[in-house]
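Q: Convert by adding 448 to the 1-based position in the sequence shown; the result is the number in our numbering. Glycine included, C-beta positions come from ideal geometry on N, C-alpha and C. Below are the C-alpha cells for one structure; questions will follow.
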Amino acid sequence: MAVVFCSSPFIKHPFCGRNGRILYRFFHSTAKKTQRLSYGVGGGVPFFGERGRFFTTKHEHGKKKRKSGFFRPIFAICFCAETVFFSICGHRIRDHGGRIMPKIYLCADALISNFRLLKSKTQGALIPVLKADAYGHGALFALEALCREGVRFFAVATAYEAQELLDFLEKSKYRFTNQMVFVMSAVEPEALFSLLSARVVLSVHSPAYARFLSSTIARYKEKALLPDRFRLAVHLKLETGMHRTGLRTEESIRSVLSLPHLSVEGVYSHLASAADTLYTEEQHRRFLALRAALPDGILTHLSASEGLLRYGDFSLSAARTGLALYGITPEDISLPLLPVMRFSARVTAVLRVKTGERVGYGCVRTDRPRRLAVIDAGYADGIPPTAQKEGWVTVGDRRCPFFGAVCMDRATLDIGDAPLREGDEITLFGKRTGDTAAFAKGAGVSPYVLLSLRSRRTQRIYLSE
449 MAVVFCSSPF IKHPFCGRNG RILYRFFHST AKKTQRLSYG VGGGVPFFGE RGRFFTTKHE
509 HGKKKRKSGF FRPIFAICFC AETVFFSICG HRIRDHGGRI MPKIYLCADA LISNFRLLKS
569 KTQGALIPVL KADAYGHGAL FALEALCREG VRFFAVATAY EAQELLDFLE KSKYRFTNQM
629 VFVMSAVEPE ALFSLLSARV VLSVHSPAYA RFLSSTIARY KEKALLPDRF RLAVHLKLET
689 GMHRTGLRTE ESIRSVLSLP HLSVEGVYSH LASAADTLYT EEQHRRFLAL RAALPDGILT
749 HLSASEGLLR YGDFSLSAAR TGLALYGITP EDISLPLLPV MRFSARVTAV LRVKTGERVG
809 YGCVRTDRPR RLAVIDAGYA DGIPPTAQKE GWVTVGDRRC PFFGAVCMDR ATLDIGDAPL
869 REGDEITLFG KRTGDTAAFA KGAGVSPYVL LSLRSRRTQR IYLSE
C-alpha cells in the first residue's frame with residue numbers, strides 16, 4: 449500500500465521523494481492504458497501534479513516538512529493505482545482556484561441492469577451505442593462493463609471513437625474473436641487504413657462513398673498492405689424519411705452490392721420521430737421495401753432507444769440503444785431503468801441576501817430577502833447556462849431554483865429554508881429514475897445535450913452498486 453501526500457500549492461517544487469516521483473510517473477504511464485486510471489487517477493494526477501508534492505512514506509514527508517518549514521497536506525491517496533483513490537480522498541480534491549471539484553458517480557451495475565431490461569424487449573441482438581464518449585459517461589467505462597456481460601457488437605459515430613474502443617479491446621482481457629465496432633458515420637480518408645480490420649464495420653450511405661471504399665481497398669491490396677481475401681464489412685444506411693443521408697433507391701443498393709472488396713453484412717435506418725406513430729409506420733414500410741433488394745441473413749436494425757420502447761424491434765434481427773441504456777426514457781414511458789450517472793457538487797457558501805441586492809453576473813436583483821447557496825459547478829462542468837431561467841435542483845423534498853447567471857465555475861441556488869450548510873454535497877441529477885430528464889427539461893435542453901456536457905474537470909467515481 450502506498451500513501452501519497454499532496455501539499456499546499458504554495459510550495460514551489462512539485463514532487464518530493466524518490467518514491468513519490470516514481471509513483472507519479474507510474475500514474476501517468478498507466479493512465480494511458482487503463483480505463484479506470486484514465487478517468488480516475490489519470491484524470492487527477494496531471495491536474496494536481498503541477499502544484500502538489502507526492503510522498504510514499506511518512507519519513508519522506510516529515511523530512512521535507514522540516515526542511516521547508518511550511519507544509520500542509522490536504523489529502524492522502526491509498527491502495528495505489530485503484531479507483532478507491534477517489535473514494536478515499538476525492539471529496540478533498542480542489543482545482544487551481546481552490547474550488548472543490550464536482551463529481552460524477554458512475555454505476556456499472558446500473559448500466560448492466562438497463563442493458564438486460566432493454567434486451568428483453570427484442571428477440572434479436574441489442575447494439576449499445578457508445579458514441580459521444582458513451583453520452584458523457586465514458587466510452588471505455590461502458591465498454592468494459594458491457595464486455596463483462598458478453599456483448600460483442602458496439603456502435604460509435606466517428607473513426608476516433610472506434611479507434612479508442614479497438615485499442616482498449618486489443619489489450620483487454622475481455623477481447624473475444626467476434627467483437628465488432630460499427631462506425632455509423634463516414635470515415636475520413638486519412639483515418640481509413642487504421643480501421644481496416646476484422647473488428648470494424650463501416651456505414652455506407654451513398655454509392656459514391658461505397659466506390660471510394662472499394663477503390664481504396666483495391667489500392668491497398670496492390671501495395672500488399674492488405675491480403676487479397678480481405679473484404680471490408682459494411683452496413684448500408686437507408687433513407688426512409690429522416691432526410692439526412694442514406695441510400696434512397698433499389699438501384700443504388702444494387703450498385704453497392706456489385707462492388708468488389710465490400711461485404712454487406714447489415715442494413716439500417718433511423719426513425720425521425722418515434723413518438724409519431726403514423727410517420728414511424730411510414731418509415732417502417734419504406735425500410736422494408738428497400739430491404740427487399742438485399743439478400744437474407746444480414747443484420748437488420750431500425751429501432752433505437754425510443755423506437756425499441758414503443759414498438760419493439762419491428763421483428764427485425766437487431767435494435768440499437770443509446771439514451772435508454774444510460775437510464776433515461778421519454779416522459780410518457782414508464783420503465784424501471786436506473787440512472788447510470790449521478791452528478792453532484794459541493795456547497796461553497798450559504799448566504800442571506802436582502803431585498804434589492806444584486807447577485808452574480810448581470811446583477812440580478814432580489815425582489816425579497818433570499819437565502820442562497822453557491823455551488824462549485826458551472827457551465828464548464830456541465831450545467832447548461834439556460835438553467836438560470838427555469839432550472840432547479842431537488843434538495844430533500846424542496847425544489848431549489850437557480851438564481852442569477854450560471855457562471856463558468858459556479859452557480860447559485862435559491863434554497864429558502866432547505867437544510868443546507870457550507871460543505872454539503874448536493875446531487876443535481878441522477879439520484880433517482882426520471883430526475884435527469886426532469887433536470888434537462890427545467891434547464892431547457894434535451895437529456896442528450898445535458899449528458900454530453902460532462903467535462904474533464906469533474907471527478908469520476910466508479911461505484912460497484
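Need the endpoints of the alpha helix (DSSP H) that H732 sits in, please.
A: T725 to R739
Q: In three-state DSSP terms, what is Y668?
A: helix
Q: Evaluate contact between the segment 826 to 836 and the segment 794 to 805, counting only Cβ atoms and requiring at least three cross-stretch pairs below 8 Å.
A: These segments do not touch.
Q: Assign Y583 to buried or exposed, taking buried as 16 or more other Cβ atoms, counted over all protein chains shown, within 10 Å of its Cβ.
A: buried
Q: Touch check for the segment 708 to 728 and the segment 679 to 699: three-plus C-beta pairs under 8 Å?
A: With three or more CB-CB distances shorter than 8 Å, the segment 708 to 728 counts as touching the segment 679 to 699.
Q: DSSP three-state call for R782: helix, strand or coil?
A: The sequence given here has Ser at residue 782, not Arg. In this structure, S782 counts as coil in the three-state DSSP scheme.
Q: Helix or strand or just coil, what does DSSP make of Y809?
A: coil
Q: My guess is that S717 and K685 are in contact by the Cβ rule of under 8 Å, so how many angstroms apart are they, rounded?
A: 7 Å
Q: Which residue marks the beginning of the beta strand (DSSP E) containing A909, and which one marks its end?
A: It should be pointed out that residue 909 corresponds to Ile in this sequence rather than to Ala. Q907 to L911 is the extent of the beta strand (DSSP E) around I909.
Q: Please state the DSSP three-state secondary structure of I874.
A: strand
Q: Residues in the same chain with beta-carbon distance under 6 Å from R696, minus the five sequence neighbours each way, listed in chain order, please.
A: Cβ within range, chain order: E687.
Q: List the residues that DSSP assigns as beta-bridge partners of A766.
A: A573 and H749
Q: Applying the 10 Å Cβ sphere with the 16-neighbour rule, what's the burial state of L680?
A: buried
Q: Is it true that the CB of N562 sits closer than 8 Å to the CB of G775?
A: yes
Q: How would you write the range of the alpha helix (DSSP H) that I548 sits in, first residue to last?
A: Judged by DSSP secondary structure, I548 falls outside any alpha helix (DSSP H); it is assigned neither H nor E.
Q: Which residue or residues does DSSP assign as beta-bridge partners of Y553?
A: For Y553, which the question treats as bridged, DSSP gives the partners R790 and I909.
Q: Which partner residues does S651 have in the DSSP bridge list?
A: Looking at the DSSP assignment, S651 forms a beta bridge with H683.
Q: In whole angstroms, what separates the C-alpha of H749 from that of V629?
A: 15 Å
Q: If we count the other Cβ atoms within 10 Å of its Cβ and call it buried at 16 or more, is K506 buried or exposed?
A: Legend: pLDDT at K506 = 40, less than 50; position of this residue unreliable, value from coordinates given subsequently. With fewer than 16 Cβ atoms within 10 Å of its Cβ, K506 is classed as exposed.
Q: In this structure, does DSSP put A720 in helix, strand or coil?
A: coil
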